[in-house]
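Going down the list, the protein sequences come from chains P and V. Residues 1 to 137 in our numbering are what the first sequence spells out, letter by letter. Residues 138 to 274 in our numbering are what the second sequence spells out, letter by letter.
Number of protein chains: 2
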Amino acid sequence: MYSIGDLSRQTGVKVPTIRFYEEKGLLAKPYRTAGNQRRYDETALKRLQFIRHSRDLGLPLPDVEALLSLEGAQGADLDHVHEIADRQLTELRNRITLLRSLEAELERITAACDGTHDHVCEVLNAFGDHSICLGSH
Amino acid sequence: MYSIGDLSRQTGVKVPTIRFYEEKGLLAKPYRTAGNQRRYDETALKRLQFIRHSRDLGLPLPDVEALLSLEGAQGADLDHVHEIADRQLTELRNRITLLRSLEAELERITAACDGTHDHVCEVLNAFGDHSICLGSH
DNA sequence: GTAATTCCTCTAGTCACTAGAGGTTCAAGA
DNA sequence: TCTTGAACCTCTAGTGACTAGAGGAATTAC
């Protein structure tokens, strides 16, 4: 049996956030001690770890909820699980590409700034390539 | 001269969001027509595009503001620029590292299922199982 | 000139937390 | 067993970054 603090330490999810997830229905209402404190089992721990990872991946809570409901999925449900994972993977890769272009511009700036003071910074031009934009515009 | 709607279409930033950025000081107060409507120039467009990309990358608005303040810096200002750029670069690299580990995790998850429909998917276990994480969660 | 569209301000709502107040319970040590 | 301090409880309110809607004025296209 874990206290809410144990769960927090093991998952890295803050205590108020765990209560928030419970309120939202993402975590089942746990067993309570005689003194009204929450006590969790191994299943709750796994579930919370799953939520944590999904959030790290940028999934909104409704998507996380959808995935949780598909636990043990078979047959046609698998397509839905894979669809969500694939979509996230694509977005992630675009994001990395974009970040690296900004990294390159910042590197240029810091490298140049080390020397003489005779240039102008052009941060606004860091994202010259709009072909890899995340959204549509 | 662009209307707020033109700017919105060209950047993918919604109209109320543009007004919100103005309120927050990320965009300068633009010229107004006799009828009190906003009109923007090329600089505003570029600036908004930069904000859009930075937000897509997950940078919080205060960081975006810091980056924007680097634009056009010259001479002695570059010392300060160097400081901000350095800090942003460090954070950027941490972010890229994190995203890379998450990418690997998602790849593993999608690879775990071969797409056939004759088994129970292990995807959710892969998410929740701490032991197979490559990252530092 | 009129009708459709876009714009204006303002208020309030959303998502996913996060902080704080004010009080209760639990667990380790004397 | 008693005490004390950390951890817990509920509840309200605040945060960041938008987003939606009301009610009305300006602009644009025909």
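Beta carbons are placed, not taken as given, at the ideal position from N, Cα and C, and that holds for glycine.
Within chain V, partners of residue i - CB distance below 8 Å
i: P/Leu26; result: Going along chain V, no residue has its Cβ under 8 Å from P/Leu26, so there is no contact; the nearest lies around 13 Å.
i: P/Asp86; result: Thr247
Residue i and residue j closer than 8 Å at C-beta
i: P/Ile96; j: V/Glu240; result: yes
i: P/Gln49; j: P/Thr11; result: yes
i: P/Arg32; j: P/Ser3; result: no
i: P/Arg52; j: P/Val13; result: yes
i: V/Thr247; j: P/Leu67; result: no
i: V/Leu236; j: V/Ile221; result: no
i: P/Met1; j: P/Asp41; result: yes
Amino acids of chain P, ordered along the chain, whose beta-carbon sits closer than 8 Å to that of residue i
i: V/Ile281; result: No answer is possible for residue 281 of chain V: it lies beyond the span of chain V, which begins at 138 and ends at 274.
i: V/Leu226; result: Glu103, Leu106, Glu107, Thr110
Neighbour list for residue i in chain V, Cβ cutoff strictly below 7 Å
i: P/His80; result: Correct list: empty, because the minimum Cβ distance to chain V is about 10 Å.
Beta-carbon separation (whole angstroms), residue i vs residue j, contact threshold 8 Å
i: V/Leu144; j: V/Ala181; result: 7 Å
- Task: Taking only runs that begin and end inside the segment 18 to 92 of chain P, name each unbroken alpha helix (DSSP H) of 4 or more residues, in chain order.
- Result: Counting only runs of 4 or more, we get 42 to 56, 61 to 69.
- How do the segment 153 to 168 of chain V and the segment 191 to 208 of chain V stand: do at least 3 beta-carbon pairs fall below 8 Å, yes or no? As far as the Cβ criterion goes, the segment 153 to 168 of chain V touches the segment 191 to 208 of chain V, which means the pair count is three or higher.
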